[in-house]
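For reference, each letter of the sequence shown is one residue, going 2 to 334 in this note's numbering. Glycine residues also receive a C-beta, built at the ideal position from the N, C-alpha and C atoms.
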Amino acid sequence: MSSAGKEALRLRVVHLIEDGASPEVLAKTLDINPRTIYTWLAKYHYGGDDALKTRPKPGRPPKLDGRQLSRLASMIREKNPLQLKFPFALWTLEMVRELMRREFGVSLSAVSVGRILHRLGLTPQRPLRRAIEQDPVLVERWRNTDFPAIQREAKACNALILFGDEAGIRSDYHRGTTWGKQGRTPIVPRTGARFSVNMLSAVSAQGDLRFMVHEGTATAATFCDFLGRVVTGMERPIFLIVDGHRIHRAKKVQRLVAQLDGKLKLFFLPAYSPQLNPDEWVWNNVKQRVAKTFITSREQLIASARSVLHSLQRTPAKIIGFFRDPDCHYAFA
Numbered sequence: 002m003s004s005a006g007k008e009a010l011r012l013r014v015v016h017l018i019e020d021g022a023s024p025e026v027l028a029k030t031l032d033i034n035p036r037t038i039y040t041w042l043a044k045y046h047y048g049g050d051d052a053l054k055t056r057p058k059p060g061r062p063p064k065l066d067g068r069q070l071s072r073l074a075s076m077i078r079e080k081n082p083l084q085l086k087f088p089f090a091l092w093t094l095e096m097v098r099e100l101m102r103r104e105f106g107v108s109l110s111a112v113s114v115g116r117i118l119h120r121l122g123l124t125p126q127r128p129l130r131r132a133i134e135q136d137p138v139l140v141e142r143w144r145n146t147d148f149p150a151i152q153r154e155a156k157a158c159n160a161l162i163l164f165g166d167e168a169g170i171r172s173d174y175h176r177g178t179t180w181g182k183q184g185r186t187p188i189v190p191r192t193g194a195r196f197s198v199n200m201l202s203a204v205s206a207q208g209d210l211r212f213m214v215h216e217g218t219a220t221a222a223t224f225c226d227f228l229g230r231v232v233t234g235m236e237r238p239i240f241l242i243v244d245g246h247r248i249h250r251a252k253k254v255q256r257l258v259a260q261l262d263g264k265l266k267l268f269f270l271p272a273y274s275p276q277l278n279p280d281e282w283v284w285n286n287v288k289q290r291v292a293k294t295f296i297t298s299r300e301q302l303i304a305s306a307r308s309v310l311h312s313l314q315r316t317p318a319k320i321i322g323f324f325r326d327p328d329c330h331y332a333f334a
């Protein structure tokens, strides 16, 4: 490649990252060593486009080179601050500044750190919570051993694998942000009465969604009712994966499964591992969309929840998308 071509490639790659592209993805797509891309990012950060030209203008050398930027990105992506002996669990700008001081002996302003993180393809995000009781060994065994075994068994008997869950939503639940005048917090209207509904659902990687909306606390009897609906009309066996809640393991449920004579088989996720269940995304969608509605009665709450669930049921591509979540991709097939 000519010098002009190499220069154009450097500029194109950096500008794509500026627009939100991932350095790691670009490295694979263009068959470029990731360390090379991080070197370009370091030069661009301190010298702009001129620093990437074939004969860049002289100036102060970068405080972090490509190797250091690559290492910084890896540490932030793959570890939380607690693993690196920091006192907090979130990567804030100040925490990253301290990491750079400690690891590389470099001191930068928060603004400069923010720019570097942006150019590394990193953005501030709301973290998913992980229960401290979760056993990472069991999680890995589920991903690499248990679930593949379930898949093989399902294939042998032409069974449909579903992931199930239950959740509740209250009429006074509001989530998200709303625009308003600076310094004046917007008021969200709601009725003084509070009521809730509970929901059960199950999804497959092929885009299937089965659900049931009910009032009151979920019990073994409620779960049995839902299981009956799941198998109704199905010509193939159902393998349903749920968490280890006591109602899922109740004797009443075990008797029903036995009576169904092979039409249904239950499997259980590792304890405290909801991130492994794609069905969690069903409830995220329901809660987010219902929360934007002004609810005045229990009937309206039930109708709103059912409306969202029916909408999801009509869009199997969206259900399939739940399985593309990084934590659920193991179940995508």
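Practice task
For H330, count neighbouring Cβ atoms within 10 angstroms of its own Cβ and tell me buried if that reaches 16, exposed if not.
Solution key: exposed
Problem - Contact test: N34 Cβ vs the ligand MG heavy atom, cutoff 7 Å - result: Looking for the ligand MG in the displayed structure turns up nothing, as the structure carries no ligands at all.
Problem - Between the CA atoms of D50 and L121 - distance to the nearest angstrom - result: Approximately 16 Å between the Cα atoms of the pair.
Exercise for the section: Identify every residue that forms a DSSP beta bridge with F240. Expected result: I162, K266.
Practice task
Tell me whether the beta-carbon of R211 lies closer than 8 Å to the beta-carbon of S202.
Solution key: yes
Exercise for the section: Taking Q301 as the reference, give the member of K7, I170, A318 with the closest Cα. Expected result: When each option's Cα is compared against that of Q301, the closest is I170.
Exercise for the section: For S3, name the three-state secondary structure that DSSP assigns. Expected result: coil
Practice task
Take the Cβ of S3 as the centre, count every other Cβ of all protein chains shown within 10 Å, and call the residue buried at 16 or more, exposed below.
Solution key: S3 is exposed by the Cβ-count criterion.
Practice task
Might you give, ordered along the chain, the residues of its own chain that have their beta carbon closer than 6 Å to the beta carbon of D69, omitting 5 neighbours on each side?
Solution key: Reading off the sequence, residue 69 comes out as Gln, not Asp. Non-local beta-carbon contacts of Q69 in its own chain, meaning distances under 6 Å to residues more than five positions away in sequence, involve F105 in chain order.
Exercise for the section: Measure the C-alpha to C-alpha separation of L313 and I320 and round it to an integer number of angstroms. Expected result: 7 Å
Practice task
Please report how far the alpha carbon of L17 lies from the alpha carbon of V243, in whole angstroms.
Solution key: 41 Å
Problem - Proximity of V140 and L277 at Cβ, strictly below 8 Å - result: yes
Exercise for the section: Spatial neighbours of R72 within its chain, please: CB distance less than 8 Å, with the 5 preceding and 5 following residues excluded, ordered by chain position. Expected result: E104
Practice task
Identify which residue in A222, G217, A206, A219 has its Cα closest to the Cα of F240.
Solution key: A206
Exercise for the section: Rounded to whole angstroms, what's the CA-CA distance from T146 to A251? Just pull it up for me. Expected result: If you take the alpha carbons of T146 and A251, they lie about 26 Å apart.
Handout entry: Residue from L91, L163, L123, V231 with nearest C-alpha to S23
Key = L123
Problem - C-beta atoms of V287 and A306 nearer than 8 Å - result: yes
Handout entry: Reduced DSSP category for H246 - H, G, I as helix; E, B as strand; rest coil
Key = coil
Exercise for the section: Give the straight-line distance between the Cα atoms of L161 and L267, rounded to the nearest whole angstrom. Expected result: The alpha-carbon atoms of L161 and L267 are separated by roughly 12 Å.
Handout entry: Proximal residues to E95 (C-beta, below 8 Å), its chain only, five neighbours per side dropped
Key = A111
Practice task
Take A219 as the anchor and find which of E167, L261, G6 has the nearest alpha-carbon.
Solution key: E167
Exercise for the section: Please work out which residues of its chain come closer than 7 Å, Cβ to Cβ, to K54, disregarding the five sequence neighbours upstream and downstream, and give them in chain order. Expected result: E8
Problem - Opening and closing residue of the alpha helix (DSSP H) in which H215 lies - result: Counting along the chain, H215 falls outside any alpha helix (DSSP H), though it belongs to the beta strand (DSSP E) covering 210 to 215.
Problem - C-alpha distance - V291 paired with P317, whole-angstrom precision - result: 20 Å
Practice task
Would you mind working out which of Y47, D262, L27, V254 sits nearest V114, comparing C-alpha positions?
Solution key: Y47
Exercise for the section: Could you check how far apart the C-beta atoms of W41 and R13 are, in whole angstroms? I think they sit under 8 Å. Expected result: The Cβ separation is near 10 Å, so there is no contact.
Practice task
Leaving aside the five residues before and after H249 along the sequence, list all residues of the same chain whose C-beta is less than 6 Å from its C-beta, in chain order.
Solution key: V243
Handout entry: Strand pairing of G169, partner residues [DSSP]
Key = N199
Exercise for the section: In angstroms with no decimal places, state the Cα-to-Cα distance between T223 and E216. Expected result: Answer to the nearest angstrom: the Cα atoms are 10 Å apart.
Problem - Spatially closest choice to V309 from P279, E236, S298, M200, by CA coordinates - result: M200
Problem - Helix, strand or coil at Y204 [DSSP, three-state] - result: It should be pointed out that residue 204 corresponds to Val in this sequence rather than to Tyr. Strand, per DSSP.
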